[in-house]
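**Student:** One structure follows; several queries about it will come next.
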Amino acid sequence: MSSAHAPKPITKPFFTPGVIVLCLLCLNGLVFATMRFVFGIGSITHLNDLYPWGIWIGIDVAAGVALAAGGFTMAALVYIFHRDEFHCLMRPALLTAMIGYTFVALGVFFDLGRYYFIYHPIYMWNGNSVLFEVGICVMAYISVLYLEFLPIFTERFKGRVNLPGLLKNLKRPLETVISFLDKIMGKVLFLLLILGVVLSCLHQSSIGTLMMIAGDKVHPLWQSPIAPLMYLLSAFAVGFPMVIMESLTASRSFGLKPEAPVLRKLANYVGPMLAIYLAFKLGDMAIRETWVYLTEFNRHSVMWIVETLIGVVIPIRLFFWKKAMRSNKILFIASMCVIVGVFLNRFNNFVIAYHPPYATESYVPSIGEISVTLGFISLEILIYRLLAKIFPVITQPVKKLSAQTRFAKEGVLL
Amino acid sequence: MTTSRRDFLKIMGLAGATGVGTLEVGAASAGQQGPSDHRMGVLVDTTVCIGCRRCEMACKEAHSIDPGPESDYDNRNLFETERRPIPSSLTVVNRYGKEPASHVKMQCMHCDYPACVSACIVGAFSKHENGAVTWDSDKCIGCRYCMIACPFQVPAFEYDKAIHPRITKCDFCIERTATGLKPACVATCPVEALTYGKRIDLARMAQERVESDPDRYSPHIYGLHEVGGTSWMYLASRDLQNLAFPERSDRPAPGASEAVQHGIFKYFIPPLSLYALLGGVMWLGRKESTPGNGGES
Chain A
315 MSSAHAPKPI TKPFFTPGVI VLCLLCLNGL VFATMRFVFG IGSITHLNDL
365 YPWGIWIGID VAAGVALAAG GFTMAALVYI FHRDEFHCLM RPALLTAMIG
415 YTFVALGVFF DLGRYYFIYH PIYMWNGNSV LFEVGICVMA YISVLYLEFL
465 PIFTERFKGR VNLPGLLKNL KRPLETVISF LDKIMGKVLF LLLILGVVLS
515 CLHQSSIGTL MMIAGDKVHP LWQSPIAPLM YLLSAFAVGF PMVIMESLTA
565 SRSFGLKPEA PVLRKLANYV GPMLAIYLAF KLGDMAIRET WVYLTEFNRH
615 SVMWIVETLI GVVIPIRLFF WKKAMRSNKI LFIASMCVIV GVFLNRFNNF
665 VIAYHPPYAT ESYVPSIGEI SVTLGFISLE ILIYRLLAKI FPVITQPVKK
715 LSAQTRFAKE GVLL
Chain C
24 MTTSRRDFLK IMGLAGATGV GTLEVGAASA GQQGPSDHRM GVLVDTTVCI
74 GCRRCEMACK EAHSIDPGPE SDYDNRNLFE TERRPIPSSL TVVNRYGKEP
124 ASHVKMQCMH CDYPACVSAC IVGAFSKHEN GAVTWDSDKC IGCRYCMIAC
174 PFQVPAFEYD KAIHPRITKC DFCIERTATG LKPACVATCP VEALTYGKRI
224 DLARMAQERV ESDPDRYSPH IYGLHEVGGT SWMYLASRDL QNLAFPERSD
274 RPAPGASEAV QHGIFKYFIP PLSLYALLGG VMWLGRKEST PGNGGES
């Protein structure tokens with residue numbers, strides 16, 4: 315804690331014009347969410363018997379899980395491979411993963427016809443079901459993420475529990491619990507960190523297996539026997555770009571100097587990982603001869619080319635271009651390309667590529683579905699901002715009046 | 024720095040290999056239990072069906088759905104649009120082709136290797152000894168993965184119900200057949216377009232009919248081999264071929280996904296070895312770096 319930089323809560327005010335826009339998007343989503351729970355899924359979505367899954371699964375869940383990959387890739391880099399120089403990026407990545415996965419679960423909750431039975435997979439097992447594996451892994455990983463966040467929680471409140479009024483009597487027991495947790499976590503955290511990476515590898519790949527059972531209903535450009543491997547490789551590839559994008563966005567929004575040298579170092583890993591992903595993507599295409607579908611002009615071929623060009627080829631060029639990487643703007647653009655590419659890949663696989671028999675028209679997401687999805691994303695950003703204000707997540711230069719003394723005065727337990 | 028980056032990528036590759044490297048290992052598991060030899064089936068002769076839709080009515084009566092007045096079923100205008108099984112009508116008859124038109128009854132095919140049974144997250148679907156594939160309301164969480172999985176797009180969902188929506192599909196009249204009765208649709212069919220019996224016998228009967236009258240029938244018996252075989256099989260006229268049904272391969276629908284799934288979790292060896300591997304890497308790295316630098320708190 316003696317270093318000049320340390321993670322500490324953000325002091326900027328919560329509300330900005332951007333935050334107010336996000337709040338409005340949340341409210342809009344809330345209106346449709348209410349309708350979904352009062353009148354049923356059919357009332358606000360374009361889902362039907364032919365298209366049972368829409369963007370709530372394709373974007374909120376499939377893309378959501380992939381874009382939360384920053385958590386486990388950073389954990390692997392920092393704790394398992396001991397690249398300590400990236401330690402300052404660990405907490406923001408963990409926070410994003412924690413919030414991201416919470417909203418994946420929330421997305422599933424909204425999409426389930428019988429959301430109140432969401433706990434059924436815990437004791438009703440079907441080992442043949444890919445969805446069962448994904449569900450159990452995601453549940454376990456969410457728990458691991460919350461536990462991984464616990465040290466940040468205890469750091470914030472250890473010796474600083476300050477409760478108003480009658481709750482004052484709880485101060486002593488709460489302090490005991492917090493120091494106990496702090497002690498325990500210091501001992502078992504490394505086990506959880508490895509578990510988190512293993513669970514992530516399992517379900518990141520299994521999400522790629524999800525659509526395999528749909529067989530011919532999924533367009534051959536995406537229906538690949540090595541889809542799980544490609545999902546895993548793309549999750550590896552998108553983890554660091556997500557961390558870079560978030561770090562650049564956060565420092566801009568919170569008025570901090572970006573950690574440019576560290577981010578640039580992290581960016582070194584992205585190019586090779588994308589190249590491996592591309593090699594498998596093209597190799598799979600060559601072996602299964604799916605390139606013939608690119609000679610047709612339809613939404614499948616266009617979307618595949620967009621996904622591969624913007625999401626893989628262009629960022630590979632940018633990440634290997636040392637000169638261009640010196641600019642934060644190009645670093646940001648390159649990272650965004652990877653993010654958009656992986657997002658599109660999941661969206662394409664689950665929504666665009668899926669064409670059921672007997673369909674006379676394709677699925678187009680409804681205003682309600684889009685509103686709920688946008689609401690979720692807005693809420694995620696708001697919660698990130700809120701938690702960054704409460705907990706020591708973002709690394710900043712330590713000022714003269716130490717943050718610790720200030721919190722000793724103001725600290726409140728939420 | 025450079026060696027560790029190579030290590031890092033190597034591990035990443037290994038992680039992927041454990042994920043998919045064992046793809047073929049679990050391939051046999053898809054058919055492990057296999058369908059029973061005594062399973063029942065229905066042979067639909069679409070060249071006999073007259074499209075009276077009395078099977079739809081009998082089906083509703085057998086499943087406590089209000090069938091409405093019988094005269095409704097004489098309405099031939101319904102055939103203008105292709106209908107699909109829905110919660111209020113578990114079977115539907117469609118008309119295909121112009122002159123002479125063929126009528127095709129649609130319902131769950133009751134696959135020998137059902138994708139819904141394999142896919143269901145909570146195991147709410149079961150394949151019974153007699154061939155029927157049924158759904159258990161007490162387990163279902165409404166995720167609709169069965170609808171994604173079904174190669175014939177049969178399961179329907181009650182999208183308009185906010186509380187306790189059901190997945191609906193033909194249950195092969197499992198309650199009737201348990202008491203020795205035929206399925207309601209088969210029992211009611213006035214022209215005997217539907218034949219209920221052991222699937223093995225029906226398959227032979229279907230082949231005999233095709234051979235005895237090659238001008239009348241298409242040689243392709245739909246459901247005999249599609250997705251590994253289905254309990255319901257269809258005889259079609261030559262013109263009807265490929266009109267009413269999606270083209271499906273002979274491989275069981277759950278085959279590939281189950282192979283990958285069981286490969287990844289073979290005796291939990293791949294996940295555990297990945298855990299051990301990562302733990303080893305972590306431990307080795309820890310000894311090299313200066314102590315007190317790695318921990319979080």
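From first to last, the protein sequence lines stand for chains A and C. Taken in order, the first sequence gives residues 315 to 728; the numbers are from my numbering. Taken in order, the second sequence gives residues 24 to 320; the numbers are from my numbering. Note that the Cβ used here is the ideal one computed from N, Cα and C, for glycine as well. Note that this is a predicted model, so its numbers are computed, not measured.
#1: Check the Cβ of Gly427/A against every Cβ in chain C and list those closer than 9 Å, keeping chain order.
#2: For Ile287/C, would you say it is in contact with chain A, using Cβ-to-Cβ distances shorter than 8 Å as the test?
#3: With a threshold of 8 Å on Cβ separation, who are the neighbours of Pro188/C within its own chain once the five nearest residues in sequence on each side are excluded?
#4: Going by DSSP, name the residue or residues bridged to Ala179/C.
#5: Candidates Leu247/C, Ile223/C, Ala259/C, Tyr298/C: which alpha carbon is nearest Asp68/C's?
#6: Leaving out five residues on either side along the sequence, give the residues of the same chain with a beta carbon under 7 Å from the beta carbon of Leu688/A.
#7: Just to confirm the assignment, what range does the beta strand (DSSP E) spanning Trp158/C have?
#8: By the three-class DSSP mapping on this structure, what secondary structure does Thr253/C have?
#9: Grouping DSSP H, G and I as helix and E and B as strand, with all else coil, what is Thr45/C?
#10: Alpha carbon to alpha carbon, what distance is there between Gly303/C and Met499/A?
#11: With 8 Å as the limit, tell me which residues of the region 528-540 of chain A have their beta carbon closer than that to any beta carbon of chain C; keep them in chain order.
#12: Residues of the region 327-361 of chain A in Cβ contact with chain C at a cutoff of 9 Å, in chain order, please.
#13: What number of angstroms, rounded off, separates the C-alpha of Arg62/C from the C-alpha of His151/C?
#14: Quick one: which chain D residues come within Cβ less than 7 Å of Val304/C?
#15: Taking Cβ positions only, does Ala50/C come closer than 8 Å to chain A?
#16: Using a Cβ-Cβ distance cut-off of 8 Å, determine whether Pro58/C contacts chain A.
#17: Which chain A residues are close to Gln176/C, counting only those with a beta carbon under 9 Å from its beta carbon?
#18: Using the beta-carbon count (16 or more within 10 Å), is Lys729/A buried or exposed?
#19: Mapping the DSSP letters down to three states, classify Tyr136/C as helix, strand or coil.
#20: Per DSSP, what kind of secondary structure is Val65/C in: helix, strand or coil?
#21: Ser125/C lies in the beta strand (DSSP E); which residues open and close that run?
#22: Can you tell me whether Gly449/A is buried or exposed? The criterion is at least 16 other CB atoms within 10 Å of its CB, across all chains shown.
#23: Which residues in chain C have a C-beta closer than 7 Å to the C-beta of Val444/A? List them in chain order.
#24: Is the CB of His319/A under 8 Å away from at least one CB in chain C?
#25: Should the region 203-211 of chain C be called in touch with the region 72-83 of chain C, which here means at least 3 C-beta pairs below 8 Å?
#26: With H, G and I counted as helix, E and B as strand and the rest as coil, what does DSSP make of Gln55/C?
#27: Buried or exposed for Ala407/A, going by 16 or more other Cβ atoms inside 10 Å?
#28: Can you tell me which of the three DSSP states Gln230/C falls into?
#29: Using a C-beta to C-beta distance shorter than 7 Å, which residues of chain C count as neighbours of Asn440/A?
#30: Rounding to the nearest angstrom, what Cα-Cα distance links Leu477/A and Ile186/C in this structure?
#31: With 16 other CB atoms within 10 Å as the buried threshold, where does Tyr437/A fall?
#32: Taking Ile105/C as the query, report the chain A residues whose CB atoms sit under 9 Å from its CB, ordered along the chain.
**Tutor:** According to the structure shown:
#1: Contact annotation for Gly427/A against chain C: Cys163, Ile164, Gly165, Cys166, Arg167, Phe180, Glu181, Tyr182, Lys184, His187, Pro188, Arg189, Ile190 [CB-CB distance below 9 Å, chain order].
#2: yes
#3: Gly165, Phe180, Glu181, Tyr182
#4: Thr191/C
#5: Ala259/C
#6: Leu339, Gly343
#7: 156-158
#8: Three-state result, Thr253/C: strand.
#9: Residue placement at Thr45/C is flagged as unreliable, the pLDDT there being 39, under the threshold of 50; the coordinate-derived value follows with that caveat. Assigned with DSSP and collapsed to three states, Thr45/C falls in coil, not helix or strand.
#10: 20 Å
#11: Ala528, Gly529, Asp530, Lys531, Pro539, Ile540
#12: Within the region 327-361 of chain A, the qualifying residues are Arg350, Phe351, Val352, Phe353, Gly354, Ile355, Gly356, Ser357, Thr359, Leu361.
#13: 8 Å
#14: Among the chains of the structure shown, chain D does not appear; the protein chains present are A and C.
#15: Unreliable placement is indicated for Ala50/C, whose pLDDT of 35 sits below 50; the coordinate value is still reported in the next sentence. No, no contact with chain A.
#16: no
#17: At a C-beta separation below 9 Å, Gln176/C has these neighbours in chain A: Asp363, Leu364, Lys531, Pro670, Pro671, Tyr672, Ala673.
#18: Look at the range of chain A in this structure, 315 to 728, and you will see that residue 729/A is not part of it.
#19: coil
#20: Strand, per DSSP.
#21: 125-129
#22: buried
#23: Ser280, Gln284
#24: no
#25: yes
#26: Reliability fails at Gln55/C, whose pLDDT of 46 lies under 50, so the model's placement of it is uncertain and the value that follows must be treated cautiously. It is coil, neither helix nor strand.
#27: buried
#28: Helix, per DSSP.
#29: Cys143, Ile144, Val145, Gly146
#30: 41 Å
#31: exposed
#32: Per the sequence shown, the amino acid found at residue 105/C is Glu instead of Ile. Simply Tyr672, Thr674.
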